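Numbering follows UniProt numbering, with no gaps: position 54 of the sequence shown is 54. Beta carbons are placed, not taken as given, at the ideal position from N, Cα and C, and that holds for glycine. Being a predicted model, the structure only gives us computed values, none of them experimental.
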Amino acid sequence: MEIRQLRHFMAVITHGSFTAAARAELIVQSALSTSVRNLERELGADLFERTGRRVVLTEAGRALIPSARTVLAGTDAARDAVAAVSGLASGRVRIGTIQTLTCVDLAAELAAFHRVWPGVQISLREATTPELVAGVRAGELDLAYLAPDDAALPEDITAFASWREDLVLITAPGHRLATAGRALIRDLADEPFVDFRAGTGLETAVRRLAAHCGLERRITCDVTQIRLLVDLVRAGIGVAIVPRRIGEDAGLPCVAVRQPEPGRTVLLVGRAPRPRNPAAEALLGRLTAEGVATA
């Protein structure tokens with residue numbers, strides 16, 4: 001059994017398909033598939049059901065996940081030690097983020113980091129807050145931007161910085177509220193909504209706000225991509241509550257919501273007060289260099 005095979009196995013789980021996993025691992029799909037097949041042959045059991053396009057784990061595959069994570073975390077620790085000696089001439093940093101991150105220009109920050117440390121490979125994953133927390137705790141992510149929505153972080157997770165984001169109502173141009181400037185929660189009682197799928201951080205924040213105010217929303221469409229949500233609002237299928245930056249960048253009317261004013265907290269977190277991975281420590285220094293106002 002090779003470390004590479006375990007990494008390919010976990011990549012398929014993380015990215016949801018052999019095609020996406022091969023792209024993330026920078027190899028052709030046939031090579032990744034062969035690697036997983038060889039691992040199955042050595043273990044004497046199928047790890048995935050290959051009956052359709054979806055990736056479905058077998059019982060043997062599910063049983064392998066904890067051990068694979070432990071082995072890969074140990075390998076990463078060894079690689080981190082070597083990277084520390086080599087002065088970040090090589091290495092890898094893994095960072096996760098919620099899809100609707102707007103308080104930080106992450107692309108610009110990562111580009112600036114790459115200019116200083118071009119030998120360090122950056123791995124970026126978009127996921128929901130629970131998935132990001134699990135990834136950090138399992139050692140699969142060094143750092144993550146997440147929106148816990150007032151839920152307490154696990155004791156083994158450290159918050160390095162926090163931001164407070166305003167949430168606004170976005171509408172289609174020409175909507176009755178498009179030029180209102182602000183609206184009360186009760187003004188939205190008859191509005192159809194476009195929303196993220198249940199369980200995402202933004203959906204949870206909006207659902208809690210509505211419940212707190214006694215607003216029963218009528219969801220006409222739920223999506224998994226912010227671009228699609230914006231396009232649907234623009235097309236007039238419904239309104240949505242999103243971070244202000246998303247509405248402004250899309251050029252849609254942004255209506256401030258009053259009583260109460262909705263917002264959410266975004267955190268940059270990691271596993272320990274100081275990352276053990278030197279590349280992650282260097283990136284953390286970059287991401288917190290300007291100082292951050294806490295909520």
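DSSP bridge partner residues for residue i (one or two, in chain order)
i	result
residue 192	218
residue 92	121
residue 165	264
residue 144	96 and 269
residue 126	97
residue 48	57
residue 158	270
residue 240	170
residue 223	196
Span of the alpha helix (DSSP H), counted from its first residue to its last, around residue i
i	result
residue 34	29 to 43
residue 25	18 to 25
residue 245	244 to 250
residue 285	278 to 287
residue 182	Counting along the chain, residue 182 falls outside any alpha helix (DSSP H), though it belongs to the beta strand (DSSP E) covering 182 to 184.
residue 201	201 to 213
residue 5	3 to 15
residue 230	226 to 235
Where residue i falls, given that 16 or more other Cβ within 10 Å makes a residue buried
i	result
residue 111	exposed
residue 291	Confidence at residue 291 is low in this model, with a pLDDT of 40, below 50, so the placement of that residue is unreliable and no value is reported for it.
residue 5	buried
residue 295	Caution applies to residue 295, whose pLDDT of 34 falls short of 50 and renders its modelled position unreliable; the model cannot decide the point.
residue 10	buried
residue 226	buried
residue 297	The structure shown has nothing for residue 297, since the chain only spans 1 to 295.
residue 309	Nothing about residue 309 can be read from this structure; the chain reaches only from 1 to 295.
residue 68	buried
residue 2	exposed
residue 228	exposed
residue 293	Its pLDDT being 38, under 50, residue 293 is placed unreliably by the model, and the measurement read from it follows with that caveat. Looking at its Cβ environment, which holds fewer than 16 other Cβ atoms inside 10 Å, residue 293 is exposed.
residue 297	Nothing can be reported for residue 297: it is not among the residues displayed for the chain, which extend from 1 to 295.
residue 26	exposed
residue 288	exposed
residue 148	buried
residue 48	buried
residue 179	exposed
residue 278	buried
residue 186	exposed
residue 8	buried
residue 299	What the structure shows of the chain is the stretch from 1 to 295, and residue 299 is not part of that stretch, so it cannot be assessed.
residue 12	buried
residue 116	exposed
residue 135	buried
residue 154	exposed
residue 82	exposed
Neighbour flag for residue i against chain C, beta carbons, 8 angstroms
i	result
residue 70	Among the chains of the structure shown, chain C does not appear; only one protein chain is present.
Residue interval of the beta strand (DSSP E) (run including residue i)
i	result
residue 255	254 to 258
residue 101	Looking at the DSSP string, residue 101 is not in any beta strand (DSSP E), and its letter there is neither H nor E.
Supposed close pair residue i, residue j - CB separation, criterion 8 angstroms
i	j	result
residue 169	residue 255	4 angstroms
residue 119	residue 55	The pair is not a contact, with the Cβ atoms about 32 angstroms apart (cut-off 8 angstroms).
residue 197	residue 224	5 angstroms
residue 286	residue 109	6 angstroms
residue 167	residue 264	6 angstroms
residue 18	residue 33	6 angstroms
residue 143	residue 283	7 angstroms
residue 158	residue 272	6 angstroms
residue 28	residue 22	6 angstroms
residue 188	residue 215	6 angstroms
residue 73	residue 174	So it is not a contact: roughly 53 angstroms between Cβ atoms.
residue 262	residue 171	15 angstroms between Cβ atoms; not a contact.
Cβ-heavy atom distance, residue i to the ligand SAM, below 7 angstroms
i	result
residue 123	The ligand SAM is absent from the structure shown, which contains no ligand whatsoever.
Problem - the stretch 255 to 270 in contact with the stretch 162 to 179 per 3-pair CB rule at 8 angstroms - result: yes
Problem - Cβ pair count under 8 angstroms reaching 3, the stretch 84 to 99 against the stretch 62 to 70 - result: These segments do not touch.
Handout entry: At least three beta-carbon pairs within less than 8 angstroms, the stretch 188 to 207 to the stretch 231 to 242
Key = yes
Handout entry: Stretch pair the stretch 201 to 219 + the stretch 128 to 148: three plus CB contacts closer than 8 angstroms
Key = yes
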